[in-house]
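Residue numbers (the working numbering): 1497 to 1771. Built from N, CA and C at the ideal position, the CB exists for glycine as well.
The following block contains the structure:
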């Protein structure tokens, strides 16, 4: 039977072809991502024995014997940031610019949309020079999440809802301890302020993401060592004033000067006992 809708069929075929070839602003960077991932795959598949010499320059015998007991490195922390940008698009542009040398695993827009930018098992460049407890290479053990926020505004409800859903997934997938959901300013007190005083840490803690102090506080001992308590929580106290400000930015939020009042000392003591 002759098709009387041939022009329509041709139009549909053209539209389908165009749609299948539709380009996005990130086609080029997605292609580069796949290329870099392929290069990393090639690197980890190398099976060459290590070549070493001793002090007498004699070659030490070596051979490759591949173990069958291995896996990918598992993230053990989640670090939360704000972007300090006007739009999520600005952040995506920065994170796809090789000259910027900064990235994160996820970006969450004000509207709640989640942009997954890097496989969770790979190392993003989001923490920079940072320390938490004895961990001095936070990038290698963490997932970085950037929230689209200028730093001067409350976080949008849709954004926090998406964040909670994402954290629920990540905590279950990687068995991340409750205490290991922290902020950028926690791990880099002298340098960073994000996610800032507007971030709802208490809300997250109620859902199991990060610790929070109890409603009823036991007064701290008169001889409590502030430096030791901050270190037990995880803070780098090499710059004590910055560490105090970072702690208060996370747990006090209404007052972030580098001094502890009596009630604030009680908060520190309560959290020190939890850690």
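Within the same chain, Cβ atoms closer than 8 Å to the Cβ of residue 1572 are found at 1637, 1638, 1670, 1672, 1673, 1676, the five residues on either side in sequence being excluded.
The region 1738 to 1757 makes contact with the region 1691 to 1700, as at least three CB pairs between them are under 8 Å. With fewer than 16 other Cβ atoms from the protein chains shown falling within 10 Å of its own Cβ, residue 1554 counts as exposed. Per DSSP, the unbroken beta strand (DSSP E) holding residue 1573 starts and ends at 1573 to 1578. Contact check between the region 1624 to 1637 and the region 1679 to 1689: three or more CB pairs, one atom from each, fall below 8 Å, which counts as touching. The residue among 1703, 1701, 1681 with its C-alpha nearest the C-alpha of residue 1693 is 1681. In this chain, residue 1544 is not harboured by any alpha helix (DSSP H), its DSSP state being neither H nor E. Taking residue 1560 as the centre and dropping the five residues before and after it, the same chain places the C-beta of 1543, 1545 closer than 6 Å to its C-beta, in chain order. Rounded to the nearest angstrom, the gap between the Cα atoms of residue 1721 and residue 1574 is 28 Å.
Apart from sequence neighbours up to five positions away, the residues of its chain that approach residue 1598 with a beta-carbon distance below 6 Å are 1621, ordered along the chain. Straight across, the Cα-Cα distance linking residue 1529 with residue 1640 is about 17 Å. If you check the CB distance, residue 1591 and residue 1580 do not come in under 9 Å. The beta-bridge partner set that DSSP reports for residue 1746 is empty.
Taking 3 residues as the minimum length, the beta strand (DSSP E) runs contained wholly in the region 1622 to 1680 are 1638 to 1643, 1677 to 1679, in order along the chain. Looking at the DSSP output, residue 1602 bridges to 1612, 1641.
When 1643, 1647, 1668 are compared, the shortest CA-CA separation from residue 1570 is found for 1668. About 7 Å separates the beta carbon of residue 1716 from that of residue 1764, a gap short enough to meet the 8 Å contact definition. Pairing residue 1726 with residue 1582, the inter-Cα distance amounts to about 34 Å.
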